[in-house]
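When you line the sequence shown up against the working numbering, it's residues 252 to 731, in that order. See below for the structure under consideration.
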Amino acid sequence: MMTLKPSLRFLTATAGASLLLASCAVGPKAPDATLPPSASGAFIGAASPAVSANTTARDDWWRLYNDPVLDGLVGEALANNNELEAAAANLRRVRAALGEARVGRFPSTTTSAGVTTGRPSAATVPGLPAGTEAPESDTYSAGLDVSYEVDLFGRVESTIRAARADASAAEAALNVVRVTVAAETARAYADACSGNAQIAVAERTITLQTDTVGLTQRLLDAGSGNGLDVARARSALESTRSTLPPLRAQRDGALFRLATLTGRTPAETSEAARACAAPPQLTQPIPVGDGAAMLARRPDVRQAERNLAAAAARVNVATADLYPRITLGGSAGATALDASGLGDNENFRFSVGPLISWSFPNVFAARARIEQAGASSDAALATFDQTVLVALQETETALANYANELDRRSALQSARDQAANAARLSRLRFDAGADSFLTVLDSERTLAAADAQLASSSALVTTYQIALFKALAGGWTNEG
């Protein structure tokens, strides 16, 4: 039966004790990332018939528009967007750091091999005649060193927990970018379509007002009109024409944003988006679910929670520095005066034993690091609480904006219909000689304003829809 040497027995006993104590991490527990009680209930704005609180929100929400062009653009953006690529690269970096932290659980090894040529001092060589140089000699060595930190106070495990939380936070940050890219792509496409729709309204109004100018000019030429009516008609026409350049600039700006989001240059704008005649519209209520489901979906909430976990773990890492750090080490190898002698038993060497290090005299620095880590944990907790509140606020605001803009658009549609009827009647009365031309001009101006307001409201409806989808955190999973 083999008998362990004293040094090996001590090493075995220390290792066994370390296995029992390795889970005894020091430091405070992670603070609770609790949600406000109201977060688990229905949204305040979910009573609108335009939304459905009984249906879970979709990740691929843009498909609810049944617009193949929009589907293709969002897919292209999720595949080619440069901000997404940067976030994905950052996630790979953090995951690599996690892999490095996990290595702390295992022994570290170092191999070495070398040959040295040297000559000792003659004074150190016994029996060497005076005035004679010591002979030169070659020394060959090869060895393996192994060291393992005994994680008595949880420093290594806390480091791994912090790195794992960092990786989860980086993944959530990537998903935050996905949500933003999907929403901003849909918004840019909708803005381009809305710009075309508003341009079309302005052009229809210009056509109508051009006819009016022609009518007043013919009446003047025939001697039955007056120059004031012509001037008024031309003023209204030019005023409407002045609205076209800013509308075209806004439309082109949306197209350029869309190109950037999809990883293209402004010169490569989507022709399908440029030809879009009206903003996409939903034909069904928006599925919103409840507050708890929304918070579970939002990656920024997940990111804040993981940052909090990482900060709490780093408090434990800093606290562990108050205690001794024990490393078990050993080395084995051979040293010989000839390379062929490295395999001889008499040239074999080994050493084994524990190493205890403790920065006891410098405990104030360790306590300062604990103070820093604790403050970071408090800040992370406050950030988490604020992230939850902002998420709820954004969703409720988006719901309120959407519901109220739907009501406004309905009223504007009625106003536009009445304005169109008034313009038709005023023209008939003018032709019959019952009204002055000023009444016709005023009714046409009212109709033009109603058309423009209705087109602007339709654009806002789509904008608020997309803002609501973004608040609900759709578009961050790999599906869709």
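Idealized CB from N, CA, C, for every residue including glycine. Remember, it's a predicted structure, so these values are computed and weren't measured experimentally.
Inter-residue Cα distance where the pair is residue i and residue j
i    : j    : result
R696 : A671 : 10 Å
P605 : S398 : 9 Å
P550 : L640 : 14 Å
D389 : G350 : 42 Å
G394 : F404 : 31 Å
G725 : L324 : 16 Å
A544 : T463 : 57 Å
Q644 : S677 : 48 Å
R309 : L719 : 12 Å
A330 : A340 : 14 Å
G216 : S409 : Lying outside 252 to 731, the shown extent of the chain, residue 216 is not represented and no answer is given.
V376 : F599 : 24 Å
V430 : D311 : 10 Å
L657 : I537 : 13 Å
A624 : G580 : 31 Å
Y715 : A523 : 23 Å
I607 : T578 : 6 Å
Boundaries (first-last residue) of the beta strand (DSSP E) holding residue i
i    : result
S363 : S359 to G369
A301 : Where A301 is concerned, there is no enclosing beta strand (DSSP E), given that its DSSP letter is neither H nor E.
G584 : R576 to A587
Host alpha helix (DSSP H) of residue i (start-end)
i    : result
I457 : R406 to A473
Y399 : Counting along the chain, Y399 falls outside any alpha helix (DSSP H), though it belongs to the beta strand (DSSP E) covering S388 to V401.
Y715 : F688 to A722
Y653 : V614 to D682
D318 : From DSSP, D318 is part of no alpha helix (DSSP H); its letter is neither H nor E.
N333 : N333 to R353
F294 : No alpha helix (DSSP H) holds F294; DSSP gives it neither H nor E.
L495 : L495 to L512
R309 : Segment: none, R309 is in no alpha helix (DSSP H) and carries neither H nor E.
A529 : Counting along the chain, A529 falls outside any alpha helix (DSSP H), and DSSP gives it neither H nor E.
Residue i in three-state terms, based on DSSP
i    : result
F599 : strand
L606 : strand
L272 : At L272 the pLDDT is 41, less than 50, meaning the model places this residue with poor confidence; the figure from the coordinates comes in the next sentence. If DSSP states are grouped into helix, strand and coil, L272 belongs with the helices.
P536 : coil
L379 : coil
N477 : coil
G592 : helix
R549 : coil
D732 : Absent from the structure is residue 732, since the part of the chain shown begins at 252 and ends at 731.
G326 : helix
Residues near residue i by beta carbon distance below 7 Å, same chain, minus five either side
i    : result
L512 : A328, N332, V432, E435, T436 and A439
R553 : A423
D702 : V452, T456 and R667
P371 : A385
G514 : N331, N332 and N333
G584 : S392, A393, G394, L395 and R600
G365 : S392
V568 : R406, S409, T410 and A413
Whole-Å CB distance - residue i paired with residue j, under 8 Å assumed
i    : j    : result
A510 : T520 : 5 Å
A664 : L705 : For clarity, residue 664 is Gln in the given sequence; the question names Ala instead. Right, the Cβ-Cβ distance comes to about 6 Å (below 8 Å), so this counts as a contact.
R548 : L692 : The pair is not a contact, with the Cβ atoms about 54 Å apart (cut-off 8 Å).
Y653 : A301 : 6 Å
A587 : Y391 : 5 Å
A420 : R557 : 4 Å
L488 : Q449 : Not really, about 18 Å apart at Cβ, beyond 8 Å.
S708 : R660 : 4 Å
A533 : Y316 : The identity of residue 533 in the sequence shown is Leu, whereas the question assumes Ala. Right, the Cβ-Cβ distance comes to about 6 Å (below 8 Å), so this counts as a contact.
Cβ shell of residue i (< 6 Å), same chain only, five flanking positions each side left out
i    : result
L272 : Low confidence applies here, because L272 scores a pLDDT of 41, under 50, leaving its location unreliable; read the following figure in that light. For L272, where only same-chain residues beyond five positions count, the Cβ hits under 6 Å are L403.
Q501 : G446
A413 : A561, A564 and R565
S627 : A562
S303 : P536 and P538
L470 : G476
D442 : A505
8 Å CB neighbourhood of residue i in its chain, flanking five on each side removed
i    : result
L379 : A373 and A385
Cβ of residue i within 8 Å of any chain B Cβ
i    : result
T713 : Among the protein chains of the structure shown there is no chain B, as only one such chain exists.
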